[in-house]
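*Asks:* Before I ask anything, here is the structure I am working with.
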Amino acid sequence: MCGTTKAEYSSNDFKCCYESGLYCSKNQVETEINVLVLKDLQLQLASLFVTAIVIQNLVEVLVPYLIGKINAKREEKAAADRGETVPPKSAAEEQMVLTPFANTIDDMSEMVIQFGYVTMFVIALPITPLLALINNVLELKVDGYKIVHESQRPHPNGSSGLGAWNGVLSFFSLVAVGTNVALITWRTGVVETIVSNGGTMKWVFFSLTCIGLGLIVSAEKWVIPDVPLEVLQGIERQRLIENVLVLGAHIDIDEDEPPIKGEDISEFAFDPTKDVVDPSQIPQIPLGDLRKPEVSSASQP
Numbered sequence: 001m002c003g004t005t006k007a008e009y010s011s012n013d014f015k016c017c018y019e020s021g022l023y024c025s026k027n028q029v030e031t032e033i034n035v036l037v038l039k040d041l042q043l044q045l046a047s048l049f050v051t052a053i054v055i056q057n058l059v060e061v062l063v064p065y066l067i068g069k070i071n072a073k074r075e076e077k078a079a080a081d082r083g084e085t086v087p088p089k090s091a092a093e094e095q096m097v098l099t100p101f102a103n104t105i106d107d108m109s110e111m112v113i114q115f116g117y118v119t120m121f122v123i124a125l126p127i128t129p130l131l132a133l134i135n136n137v138l139e140l141k142v143d144g145y146k147i148v149h150e151s152q153r154p155h156p157n158g159s160s161g162l163g164a165w166n167g168v169l170s171f172f173s174l175v176a177v178g179t180n181v182a183l184i185t186w187r188t189g190v191v192e193t194i195v196s197n198g199g200t201m202k203w204v205f206f207s208l209t210c211i212g213l214g215l216i217v218s219a220e221k222w223v224i225p226d227v228p229l230e231v232l233q234g235i236e237r238q239r240l241i242e243n244v245l246v247l248g249a250h251i252d253i254d255e256d257e258p259p260i261k262g263e264d265i266s267e268f269a270f271d272p273t274k275d276v277v278d279p280s281q282i283p284q285i286p287l288g289d290l291r292k293p294e295v296s297s298a299s300q301p
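Quick note on numbering: full-length UniProt numbering labels position 27 of the sequence shown as 27, and the sequence is numbered without any gaps.
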């Protein structure tokens, strides 16, 4: 793996998995192809997830830890040879010698490739979603440990979403429909119990099933919004409260609706550039469905 990034290594494994699910040797008997291909695909998926859960997480934690210990021992030995002692370092000095936090591209690409494993080949190994969940829980702890103990503090850069990764995940979800239907059609005996063994009928089954599932996925994305209405209302209420309490916006009690996303702030009754005019108007902020915490009679004085 020398000279190869984690994303490149995972993508190579991904291509091997994909090839094992679709291609086979010419010397294999036709009746043995389905069983051998599925077993090969199951073995590769299981080995990849076990490697990601155990070996990869151990390497991510132990290698930087051992390198740090070795460098510390070398520094102590060099100081001892000079007849000196290593002075204690402050927290800032310890942070300075740590490896700078690179970026989140490798971590995100790892998650996207794992999403491809889970969605595209779940027919071959249905336990892959559980293995992915276990790996993600461990990855959360490992990445948190690396950020806190083994790298410099990253620069806090905000993000409104996944950006271009949304398109990649959507593409994977569409390809996964075709991949799983193809595995069911040509690598299992399920279709043969429904239609004849002819290649034409299998192609008809494959095409109709892909179209039907694609329509279901499209309808689900159209019916169910990405952000629920309650969340949008909560975001608008929070933005209004921040404008008033933090930015000192002016409130007109006759027109206290929050601004709509994308509209000019000057069209509304409050203006973040103005000073607070009257603290008594703060209770007029629309809180919607927010409820005040109930105070028990025992806690009242």
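By construction, the Cβ of each residue, glycine as well, lies at the ideal position given by its N, Cα and C atoms.
Alpha carbon to alpha carbon, how far is T51 from N57?
*Replies:* Spanning the two alpha carbons is a distance of roughly 9 Å.
*Asks:* Should the segment 73–81 be regarded as contacting the segment 160–170, the criterion being three or more beta carbon pairs within less than 8 Å?
*Replies:* No: the two stretches stay apart, fewer than three of their Cβ pairs being nearer than 8 Å.
*Asks:* From V142 to E93, what does the alpha carbon distance come to, in whole angstroms?
*Replies:* Their Cα atoms are separated by approximately 23 Å.
*Asks:* Using the C-alpha atoms, what's the distance from F121 back to F90?
*Replies:* In the sequence on display, residue 90 carries Ser and not Phe. Going by the C-alpha atoms only, they are around 50 Å apart.
*Asks:* Can you tell me the Cα-Cα spacing of T99 and T188, whole angstroms?
*Replies:* When rounded, the distance between both Cα atoms is 50 Å.
*Asks:* Determine the burial state of V223: buried for a count of at least 16 other Cβ atoms within 10 Å of its Cβ, exposed for fewer.
*Replies:* Label assigned to V223: exposed.
*Asks:* Using the Cβ count rule (16 or more neighbours within 10 Å means buried), how would you classify V191?
*Replies:* V191 should be labelled buried.
*Asks:* Residues in its own chain within less than 6 Å of P301 by CB, not counting five upstream and five downstream?
*Replies:* Residue placement at P301 cannot be trusted, given a pLDDT of 47 that sits under 50; the coordinates are not used to answer.
*Asks:* Leaving out five residues on either side along the sequence, give the residues of the same chain with a beta carbon under 8 Å from the beta carbon of L125.
*Replies:* Same-chain partners within the cutoff: L41, Q42, L45 and A46.
*Asks:* With DSSP collapsed to three states, give me the class of T128.
*Replies:* In the structure shown, T128 sits in a helix (DSSP, three-state: H, G or I).
*Asks:* Measuring CB atoms only, is the segment 165–183 touching the segment 132–147, in the sense that at least three cross pairs come out at less than 8 Å?
*Replies:* The answer is no - the segment 132–147 does not touch the segment 165–183, with fewer than three Cβ pairs under 8 Å.
*Asks:* Quick check on DSSP: helix, strand or coil for S151?
*Replies:* Strand.
*Asks:* With burial defined as no fewer than 16 other Cβ atoms inside 10 Å of the residue's Cβ, what is the status of E242: buried or exposed?
*Replies:* Under this definition E242 is an exposed residue.
*Asks:* DSSP three-state call for T188: helix, strand or coil?
*Replies:* Correct three-state label for T188: coil.
*Asks:* Quick one: is I216 buried, meaning 16 or more other Cβ sit within 10 Å of its Cβ, or exposed?
*Replies:* By the neighbour-count rule (16 or more Cβ atoms within 10 Å), I216 is not buried but exposed.
*Asks:* Are the segment 169–186 and the segment 108–121 touching, with three or more C-beta to C-beta distances below 8 Å?
*Replies:* Touching, yes, given that three or more Cβ pairs across the two stretches are closer than 8 Å.
*Asks:* Measure the alpha-carbon distance for E220 versus V35 and round it to whole angstroms.
*Replies:* If you take the alpha carbons of E220 and V35, they lie about 34 Å apart.
*Asks:* Can you give me the Cβ contacts of L138 inside the same chain, cut-off strictly under 8 Å, excluding the 5 residues immediately before and after it?
*Replies:* Closer than 8 Å at Cβ, skipping near neighbours: I53 and N57.
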